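6 protein chains.
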Amino acid sequence: MYLGDEAWPDLETYFEEESLALVPVGSTEQHGPHLPEGTDHLIAEALAREAANRTGYLCTPTVNVGVSAHHRQFHGTMWVSPPVFRDYMESLARNLTYHGIDRVIFVNAHGGNVEPLREVGKRLHEDETAYTIEWMWDESIPELVREHFSVPGPHGGPKETAMIMHIANELVHEDRLTDARDGGLVEWGAGSARQFGARTFFDAIDNTENGVLGDQTDATPEKGEELFEAATEQLCNLSEWLAGQEYESLLPKEHV
Amino acid sequence: MYLGDEAWPDLETYFEEESLALVPVGSTEQHGPHLPEGTDHLIAEALAREAANRTGYLCTPTVNVGVSAHHRQFHGTMWVSPPVFRDYMESLARNLTYHGIDRVIFVNAHGGNVEPLREVGKRLHEDETAYTIEWMWDESIPELVREHFSVPGPHGGPKETAMIMHIANELVHEDRLTDARDGGLVEWGAGSARQFGARTFFDAIDNTENGVLGDQTDATPEKGEELFEAATEQLCNLSEWLAGQEYESLLPKEHV
Amino acid sequence: MYLGDEAWPDLETYFEEESLALVPVGSTEQHGPHLPEGTDHLIAEALAREAANRTGYLCTPTVNVGVSAHHRQFHGTMWVSPPVFRDYMESLARNLTYHGIDRVIFVNAHGGNVEPLREVGKRLHEDETAYTIEWMWDESIPELVREHFSVPGPHGGPKETAMIMHIANELVHEDRLTDARDGGLVEWGAGSARQFGARTFFDAIDNTENGVLGDQTDATPEKGEELFEAATEQLCNLSEWLAGQEYESLLPKEHV
Amino acid sequence: MYLGDEAWPDLETYFEEESLALVPVGSTEQHGPHLPEGTDHLIAEALAREAANRTGYLCTPTVNVGVSAHHRQFHGTMWVSPPVFRDYMESLARNLTYHGIDRVIFVNAHGGNVEPLREVGKRLHEDETAYTIEWMWDESIPELVREHFSVPGPHGGPKETAMIMHIANELVHEDRLTDARDGGLVEWGAGSARQFGARTFFDAIDNTENGVLGDQTDATPEKGEELFEAATEQLCNLSEWLAGQEYESLLPKEHV
Amino acid sequence: MYLGDEAWPDLETYFEEESLALVPVGSTEQHGPHLPEGTDHLIAEALAREAANRTGYLCTPTVNVGVSAHHRQFHGTMWVSPPVFRDYMESLARNLTYHGIDRVIFVNAHGGNVEPLREVGKRLHEDETAYTIEWMWDESIPELVREHFSVPGPHGGPKETAMIMHIANELVHEDRLTDARDGGLVEWGAGSARQFGARTFFDAIDNTENGVLGDQTDATPEKGEELFEAATEQLCNLSEWLAGQEYESLLPKEHV
Amino acid sequence: MYLGDEAWPDLETYFEEESLALVPVGSTEQHGPHLPEGTDHLIAEALAREAANRTGYLCTPTVNVGVSAHHRQFHGTMWVSPPVFRDYMESLARNLTYHGIDRVIFVNAHGGNVEPLREVGKRLHEDETAYTIEWMWDESIPELVREHFSVPGPHGGPKETAMIMHIANELVHEDRLTDARDGGLVEWGAGSARQFGARTFFDAIDNTENGVLGDQTDATPEKGEELFEAATEQLCNLSEWLAGQEYESLLPKEHV
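Residue numbers (my numbering), protein chains in the order written: chain A, 238 to 493; chain B, 238 to 493; chain C, 238 to 493; chain D, 238 to 493; chain E, 238 to 493; chain F, 238 to 493.
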């Protein structure tokens, strides 16, 4: 069920019977020369809407601009500061509880949003307003990702490329895949851009000239569809799991 | 040009040549029993995208949740607090200037956003960051609105109904138009809900049982198309006008 | 009853019996070459004190500096930023409730304060602290204003001129009335300083060289007295009306 | 020169020639059974206006509500929280500099404002916006105070009583002076309400049942006049001294 | 009992039986050419730990950096802004109450922290979270200080010198005591650096070239030990006194 | 060089020649039944001081209380909220730059501080104030950790146990090591406490009854010494590396 399409009387039954909401959260930021700036919010929205369709849970409209200052050196990247983003998401989620929502899944497709969204979740959890968790799509299917791609890459890589090929193929510049790989940084590991244990970069451009990390040349729409299906299934399962919990069990545990 | 669809290298020319951005801003809130909760953001997005297509100026993704606490008593209304909304919009607009944008049009379709967006505009104007103005679609075509509808109404009325009939007809419950009118408040004037000059209501529900103000029974898709065309033209003209100003002339005037 | 003049034991009965307070709020800002910078707070204070005298309700001291950055280009205009103003007014009003006040009228004489004061009212209403409304004197007597003046004007015009002639005639430079009119902008309408529906000015000086909007040459002390009497009556009526409401009826309505 | 009474063109010369402003700051709070709640702002305003009249320096309207939560248990005390007060005063003072003011005297008559105003002064000093100092009237004439009164008392005592007798005699309940003394705490010293070096009270009511500290029975209008004259002279001298400083000498010193 | 050294199960009994915590708060700032920058936090920590040892009350780790901007012109001074400091201390103290603490002593050794810590105490007192008081060591033994030193001095003087001689003698440059006195300001009184009643300095360097106020040449480790013993005793007494109060008696008094 | 021990004149040469500071940051929170609550700040302080001693770079006093709300259910855990922590660390680091510091290493020993400290680093990097990085000791020697311990565990495990055995052996309850393991959660992996890709816990107590994650029974002081030596060496190397960078190279890269 998509909140944005419903008239208010048609939501009454939902709020009487359910207390879960899916909130898609993305970013608008550079994704290399081959992918659109909307990549992250397109993915978040597509997954959240699909899972909502399949399960019947409520999906809200999408938050399109998140924490992306680290991509600002590339044309068109949009962002808000982390404190502002947290407060916006907190206010948005807190107000959903006015209608009876007491559990929220932030359906997230942008790494830079992960920690801010978790912090928002903690705020709402600590004061027992709602149980709000962050779900990052590719963290739900790590094995499938590794299986499909030689170098998954964390940004603008084959995971995202395949997903957009599936969701909005017309927005992928397929003729630029090789250039995208060659102009960026293919290998990115736990030790990259570190010195003696410290992370010594702040911005994407510190590591990659064209904004890409990974090798997207083995992305295909078919793989994208598989990822999409698998991630949707995970999200559906998560939704069912969360909806099925006793609310008491979701509250902070008592002091020992 | 729609920012969300472009890869970053394809935006370079735009930022070299232009410095204007259109930012659609809506709300997600009750619009009576006949219209979807997404009404405002659907309208803002449709107008901004169309004007961007026609003029070539840049349109960003949409901000879907705004200042709507006064509609909260109706199922599904989403909102953030005014300070949070202002800070989010300010951060978003301020950061666009990093790419060379120095004038922004908030393409707005929600009355509750008007004053907060103007305040954001003042912040950016006072410190000479950018010239940021708020444009509310129906304020650009007041005569056409009066001509078409017997009781335009400020919320959920025939203006918005006709627009959604044109933009997303499948989301309008046409069979509920009469009920929508009869269950709400038709006549809404400058003196409504006032006592001795003071506005004495806080929430929509103080004035209307079903969230509607106006009489939408004379809304048609054809009128919606006319409104859409007329408003789009106004927005295109505004964009051209603003893009054509000398930046110096947009800065705050000197102290006398 | 004026709070500032009373010793605390003499206020006990009032707080036992009543729960209404009038808080005058003005500005200190240019009002053209003929009127003093204190115009707005002088008017707000005079009306609030008089209504309090007549009705017996409590009037507090005046807040003299408000949201006036848009007049800053003229010598002497004082202002605080809107967020700071809102927080100050919110804290002031919230703390009045400690003594049993649960309804507040902001007696306002400055257009720039209207929206900020309404937002403060919403904050206190949403959390059920108090019912706090903004009352702008000239909005309570629109017909009388239109009747008396050919071009009322929103700022430094005949309304305010006549009021100050009545309240503090020695502060009006009568010999400058014609110059005030001729050096400013006489005609100011809904469409002034707009482009294609968007308000395209930020500061008073964008529209008027001497800070005046309107034609004050037909202002007289007698008209000022009439305005003052009429507005005071409105404020008295509003006070009685508000004091007479059941508190429950002033709280936010329940979710449908 | 009183800013509130002047039309803006008449302030031009002042801002060209001078850069000092006096800002009266008071409180609205209980002052015992014999004095009005406005005591502090009445004193601050009277002194600042008089000094401005005598010296020609600019005096602004008064800030009437300050940091007084510690008097809240007595009817009618008004207050804002310290962070809100500081931000309001900072914004007000910072914006004065737009007109060329670079030194400000907060003419203060309330102990609870002292530290917050000094902190505001530090903010403006550290970023080299303005040299802003707090002046508390009775700290300028300690010997005269000791000479005139057997037990000066810090709050509602003979200092303030005599001052209000001089400024607004009709607001003093002379018939309550003895009761005021007997119902409060007469002797208040450096060791009062302390335990082993720590201040162990938060509110006035922790120390005094009627809000009074001191013995006001020896207050007279004549003494009040003497205090007023002496304090005004101090303020005039301070104004001349401050106006005469080189601005460079008022800036923070360099790092060693 | 020192919290930092205990494993959590060993704290259970304490929180069952007691509700008091001592929180040492110092600064890291210049203390003249003869004393270490850690002077204030060394003193605060030593006193709080010792009192906790003797009484059995709980001492927490130390807050080492406080409100010291006024010493910034001297190498190495560290500081945070007052609003940040207050919020940090408030959050720290508020969260202690989660374990059952309802009374806190800020064991303070820095004058610049006094007012901010008292303000934090007021916040927690007003909302009835905890009774939190500030204790400044030298204010607990004023007579002993006066007895021992000819010119105690408020900063870098003999009080602090003797204390550090006792606590960490190796950190005192005894060979610089005479130079410290001669290069600073020896006599510092209530009227120092004032003009007509107003404090006209912002930074230590405005008054003293080497950061010292006072004459430390008569400081000895023996006197330091005496001060330490006496202040510790005061703190022990204060702790016992505070622990012995009924919690109800520590709450804000009712409105009259 | 340890800032807290130095008198200000003795720091002059350092600030002339160097621009690096090490700031130890820990937490005060439960670390299982066998380790002291001070574990994290003890480790951070010991490493930072040792590296400063060996390299000559400047080490500041320690920040002892950080982001630890997720351990609050265990007695004695202290914490401040993340926004407050970030602002405190930002203010502290920003003010160091007044003395010429332009690069800072947060020597961190607490996982909950990692993201907040990185966000602080971004703030200072974006506005080109300083290059501030977070260094977490155990992330600098992952191989050594894996080599020494069968189940390293992220909290209260053998890494931290061995370190405290080396740094402050008297604070380790060696007799509780087996109980610590058996009462906690030994195996903690990337998939622990997750549902379908989402992290579904908020607090330590959600996963472990006694606060321990890992198996500390193979911890020894000798291993602790090895870890300490290895980590110190990494920190020394990092300090030398960072001090050796051209400042220009540390600034944000230009827009493409």
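Ideal Cβ placement from N, Cα and C applies to all residues, glycine included. Remember, predicted model here, so these are calculated numbers, not experimental data.
Quick check: what's the CA-CA separation for residue i versus residue j?
i	j	result
leucine 272/F	proline 391/F	14 Å
aspartate 443/C	aspartate 452/C	18 Å
alanine 468/C	glutamate 249/C	29 Å
glutamate 243/A	methionine 402/B	14 Å
histidine 385/E	phenylalanine 465/E	13 Å
aspartate 364/D	valine 357/D	11 Å
glycine 269/C	glycine 393/C	6 Å
threonine 334/E	threonine 366/E	7 Å
serine 429/A	glycine 241/B	29 Å
alanine 492/B	glutamate 483/B	At residue 492/B the sequence reads histidine, which differs from the alanine that was named. Approximately 20 Å, taken between the alpha carbons.
serine 377/D	glycine 263/D	16 Å
tyrosine 325/B	valine 302/A	10 Å
leucine 361/E	glutamate 477/F	45 Å
threonine 502/D	tryptophan 374/C	It is not possible to answer for residue 502/D, since the shown part of chain D is limited to 238 through 493.
glutamate 463/E	threonine 445/E	28 Å
phenylalanine 322/C	histidine 307/F	37 Å
alanine 405/C	tyrosine 239/D	15 Å
aspartate 339/F	leucine 295/D	43 Å
How is residue i classed by DSSP in three states: helix, strand or coil?
i	result
valine 300/C	strand
threonine 334/D	helix
leucine 272/B	strand
isoleucine 442/F	helix
arginine 309/A	coil
isoleucine 378/F	coil
valine 321/C	helix
leucine 422/A	strand
glutamine 453/D	helix
tyrosine 484/E	helix
What is the C-beta distance between residue i and residue j, in whole angstroms, given that I count them as a contact (C-beta under 8 Å)?
i	j	result
threonine 299/D	histidine 278/D	5 Å
proline 261/D	valine 304/D	Contact flag wrong, Cβ pair sits at about 15 Å.
histidine 336/B	phenylalanine 252/B	5 Å
glycine 461/C	glutamine 267/C	That pair is no contact at about 20 Å.
- [ ] Report yes or no: do three or more beta-carbon pairs, one from the stretch 412-422 of chain D and one from the stretch 283-290 of chain D, lie closer than 8 Å?
- [x] no
- [ ] Answer yes if the stretch 420-434 of chain B comes into contact with the stretch 457-465 of chain C, meaning at least three C-beta pairs across the two stretches below 8 Å, and no otherwise.
- [x] no
TODO: Mind the definition here: the stretch 338-349 of chain C touches the stretch 363-371 of chain C only if three or more C-beta pairs lie below 8 Å; say whether that holds.
DONE: yes
Open item on the list: I'd like to know if the stretch 428-437 of chain E and the stretch 469-484 of chain E are in contact, where contact means that at least 3 CB-CB pairs between them fall below 8 Å.
Closed with: no
Task: chain E contacts made by the stretch 263-281 of chain F, where a contact means CB separation under 8 Å - done: Thr265, Gln267, His268, Gly269, Pro270, His271, Leu272, Pro273, Glu274, Gly275, His278 and Leu279
Open item on the list: At a CB distance below 8 Å, what residues from the stretch 291-310 of chain C approach chain D? Give them in sequence order.
Closed with: Thr297, Pro298, Thr299, Val300, Asn301, Val302, Ala306 and Arg309
- [ ] Would you be able to state if there are at least three C-beta pairs under 8 Å between the stretch 327-334 of chain F and the stretch 315-326 of chain E?
- [x] yes
- [ ] Scan the stretch 404-420 of chain F for residues whose Cβ lies nearer than 7 Å to a Cβ of chain E and list them as they occur along the chain.
- [x] Leu408 and His410
Task: Near-chain A residues of the stretch 362-376 of chain F (beta-carbon distance less than 9 Å), N- to C-terminal order - done: His362, Glu363, Tyr368, Ile370, Glu371, Trp372, Met373, Trp374, Asp375 and Glu376
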